[in-house]
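Under this note's numbering, the residues of the sequence shown are numbered 246 to 759, in order.
The beta carbon of each residue, even a glycine, is placed where N, CA and C say it ideally should be.
Let me begin by presenting the structure, written as structure tokens, before commenting on it.
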Amino acid sequence: MGCDVRVSGLLRRNLQPTLTYWSVFFSFGLCIAFLGPTLLDLRCQTHSSLPQISWVFFSQQLCLLLGSALGGVFKRTLAQSLWALFTSSLAISLVFAAIPFCRDVKVLAAVMALAGLAMGCIDTVANMQLVRIYQKDSAVFLQVLHFFVGFGALLSPLIADPFLSEANCLPANSTANATTHSHPLHIARVLGHRHAEAQPWSNQTFPGMPPQDGAGTRVSYAFWIMALINLPVPMAVLYLLSKERLLTCCPQRSPLLLPADELALETQPPEKEDTSSLPPKFQPNAGHEDLFSCCQRRNFKGAPYSFFAIHITAALVLFMTDGMTGAYSAFVYSYAVEKPLSVGHKVAGYLPSLFWGFITLGRLISIPISSRVKPATMVFVNVIGVVVTFLVLLVFSYNVIFLFVGTASLGLFLSSTFPSLLAYTEDILQYKGCATTVLVTGAGIGEMVLQMLVGSVFQARGSYSFLVCGVIFGCLAFTFYILLLFFHRMHSGLSSVPTQDKALGMESLECYQR
């Protein structure tokens, strides 16, 4: 009960910043999910093939990774963090407005690279600020934060769906020279002519495509609507800057007086933690560095090897799970429209919305669950559920109903993996070290690498390989999580040794005094 009162007091004092950090993750969600359902329309707009349009995913995820690494630079002061969030959320609106004018795949890749930088900065800064505010009580607030990602990602495919082209602008005879692989499925219709890949991107055309001047006219409205919907987010950040008196035109404000109950909670002595097992660099207030600061050798001096192993294995789990999230969202639409399923374009367009809708639902459900269930248990259930879901999809790969049910199940199990694992890892390390930065960076690398890998395998081996990749990635995520549990147990044993020695010393001193 006392814990709930303390958390509610923290929330009341930090309500405006918390709502702002949640809202910027709505921008993140809008930007992360629109490429999947609009993939074929953007290919028509840029006159590109699937391997070429995959570079758009790569550029976005590469710059998201760079933005995640650079985002830690802006955490030094509140003003830097808020200005970074304002710039990033405004950049996302500008990107949405500019996409309809990108008639070349290289230009589109450059624009999406800018979006990736903004998303990476939002990812790191918002996570860091919430963890900094709520510390050990951050699990619930991180669940809400990532709920807003799912909400934004659910909304963007729904906005795009009415403007998607039902007719395929790719040539009708593109399957004539296609080759099949070990499985009777193929993707030649999506890829177009093989010989077209050798032509320059900007000069490449396909018979049967609409004229370049009219390409993507209808889907342009979807991007402009998303740009307008996102505009209140940078305005909210600007309002918080004004409220905190961090604008140059506003004088610095004096500290506000706290109510009596919050003052009592604030002056209550915090729980003491045993920090004797870690070197001075890992004492309180030394953590949450940016990636470059984390990599400095002086920060690691004297740390046990389990400290590094926890960082690495947790990052590898998110490498797989976030990579699966990005790859599934990006390619489930293309997988559905291919044989043997051959789902219609409009119906297939609902799959990314269904996926992100259940991610949103899962994160909403996780908010009350996370206050009662340990983060480690939640992650374990999620990873097992992902593996089982991909196996079921693989067995019933010819059934459209199972594709929709499996997509919903996959979204549900992947929904709370990131915030739960982040809270679990930070709790293991007692909020010291660089867990937030390392995990966000690992997740960004996973989204970048696995999307490119799945796209390449999809092209080379056929659409059936899309599900095979999911099973392999899920099994690897489970393996890395078991290793994380092992290193947690080992790290806890190392941390308890100094405490036991200290207790024995106190007992000996008491006996000597007697």
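State the DSSP-derived secondary structure class of Gly687, mapped to helix, strand or coil. Under the three-state reduction of DSSP, Gly687 is assigned to helix.
Assign Pro525 to buried or exposed, taking buried as 16 or more other Cβ atoms, counted over all protein chains shown, within 10 Å of its Cβ. Per-residue confidence for Pro525 stands at a pLDDT of 39, beneath the threshold of 50, marking its modelled position as unreliable; the derived number appears in the next sentence. By the neighbour-count rule (16 or more Cβ atoms within 10 Å), Pro525 is not buried but exposed.
Tell me whether Gly602 sits in a helix, a strand or coil according to DSSP, three-state version. Three-state result, Gly602: helix.
Enumerate in chain order the residues of its own chain whose CB-to-CB distance from Thr652 is below 6 angstroms, with the five nearest sequence positions on each side excluded. Around Thr652: Leu596, Leu599, Phe600.
In angstroms, rounded to a whole number, what distance separates the CA positions of Leu275 and Ser465? C-alpha separation (whole angstroms): 15 angstroms.
Distance, Cα to Cα, Ala363 vs Gln306? CA-CA distance, Ala363 to Gln306, rounds to 11 angstroms.
Residue of Pro345, Cys308, Ile474 minimising C-alpha distance to Gln290: Looking at the Cα atoms, Pro345 is the closest of the given residues.
Is the beta carbon of Tyr573 sitting closer than 8 angstroms to the one on Gly594? Remark: C-beta atoms of Tyr573 and Gly594 do not approach each other more closely than 8 angstroms.
Please go through the same chain and pick out, in chain order, the residues whose beta-carbon is closer than 7 angstroms to the beta-carbon of Val389, but skip the five residues on each side of it. Shown here for Val389: same chain residues with a beta carbon closer than 7 angstroms to its own, the five before and five after excluded, namely Trp267, Ile612 in chain order.
Look at the Cβ atom of Gly700, then the Cβ atom of Phe658, and state whether they are nearer than 8 angstroms. No, Cβ-Cβ distance for Gly700 and Phe658 is not below 8 angstroms.
Please classify Val250: is it buried, with 16 or more other beta-carbons within 10 angstroms of its beta-carbon, or exposed? Flag for Val250 reads exposed.
Using DSSP with H/G/I as helix, E/B as strand and the rest coil, what is Leu353? Here Leu353 sits in helix by DSSP.
Quick one: give me the first and last residue of the alpha helix (DSSP H) that Thr322 is part of. Where Thr322 is concerned, there is no enclosing alpha helix (DSSP H), because DSSP gives it neither an H nor an E.
Going by beta carbon distance, what residues of the same chain come within less than 6 angstroms of Pro514, once the five residues before and after it are set aside? Residue confidence is low: Pro514 scores 48 on pLDDT, short of 50, so the model does not pin down where it sits. Its coordinate-derived value is still stated next. Counting only Cβ-Cβ distances below 6 angstroms, and skipping sequence neighbours, we find nothing.
Does the pairing of the stretch 254–271 with the stretch 302–316 give three or more beta-carbon distances under 8 angstroms? By the Cβ test, the stretch 254–271 is not in contact with the stretch 302–316, since fewer than three Cβ pairs between them sit closer than 8 angstroms.
By the 10 Å Cβ neighbour count, where 16 or more other Cβ atoms means buried, how is Met238 classified, buried or exposed? The requested residue 238 is not part of the displayed model; the chain covers only 246 to 759.
Spatial distance of Val562 from Cys720 (CA atoms): If you take the alpha carbons of Val562 and Cys720, they lie about 10 angstroms apart.
For Met693, is the classification buried or exposed, using 16 other Cβ atoms within 10 angstroms of its Cβ as the cut-off for buried? Buried, by the Cβ-count rule.
On the DSSP letters alone, give me the boundaries of the alpha helix (DSSP H) that Gly395 sits inside. For Gly395, the uninterrupted alpha helix (DSSP H) segment begins and ends at 383–405.
Run of the alpha helix (DSSP H) containing Ile557, from where it starts to where it stops: Per DSSP, Ile557 belongs to the alpha helix (DSSP H) from 550–582.
Pull up the distance between the alpha-carbon of Leu264 and that of Ala688, whole angstroms please. Computed Cα separation, rounded: 24 angstroms.
Give the list of continuous alpha helix (DSSP H) stretches no shorter than 4 residues that lie fully inside the stretch 292–340. Qualifying alpha helix (DSSP H) stretches, in chain order: 295–316.
Less than 6 angstroms between C-beta atoms, sequence neighbours within five positions excluded: which residues of the same chain meet that for Asp368? Closer than 6 angstroms at Cβ, skipping near neighbours: Ser313, Val685.
Reduced DSSP secondary structure (H/G/I, E/B, other) of Val626: Val626: helix per DSSP, three-state reduction.
Reduced DSSP secondary structure (H/G/I, E/B, other) of Lys619: For Lys619, the three-state secondary structure derived from DSSP is coil.
Could you compute how far the alpha carbon of Phe564 sits from the alpha carbon of Val716? Whole-angstrom Cα-Cα distance: 15 angstroms.
With a CB to CB cut of under 8 angstroms and the five nearest residues on each side skipped, what residues in its chain are close to Tyr643? For Tyr643, where only same-chain residues beyond five positions count, the Cβ hits under 8 angstroms are Pro585, Leu586.
Classification of Leu473 by the beta-carbon crowding that lies within 10 angstroms, buried from 16 upward: Exposed.
Mind checking whether Leu387 and Leu287 have CB atoms under 8 angstroms apart? Not in contact: Leu387 and Leu287 (Cβ atoms no closer than 8 angstroms).
Report the option in Glu489, Ile470, Pro477, Thr724 whose CA atom is closest to the CA atom of Leu327. Looking at the Cα atoms, Glu489 is the closest of the given residues.
With DSSP as the reference, label Val370 as helix, strand or coil. Reduced to three states, the DSSP call for Val370 is helix.
Under a three-way DSSP split, which group does Asn644 fall into? Asn644 falls in the coil class under three-state DSSP.
As a quick exercise: from Ala705, Phe396, His733, pick the residue whose alpha carbon is nearest that of Gly602. Ranked by Cα distance from Gly602, the first of Ala705, Phe396, His733 is Phe396.
Looking at Phe647: is its Cβ nearer than 8 angstroms to the Cβ of Val637? The Cβ atoms of Phe647 and Val637 sit closer than 8 angstroms to each other.
If you draw a straight line from the C-alpha of Leu728 to the C-alpha of Ser661, how long is it? Leu728 and Ser661 have their alpha carbons spaced roughly 20 angstroms apart.
Compute the beta-carbon to beta-carbon distance between Ala371 and Ser615, rounded to the nearest angstrom, for a pair I have assumed lies under 8 angstroms. The Cβ separation is near 18 angstroms, so there is no contact.
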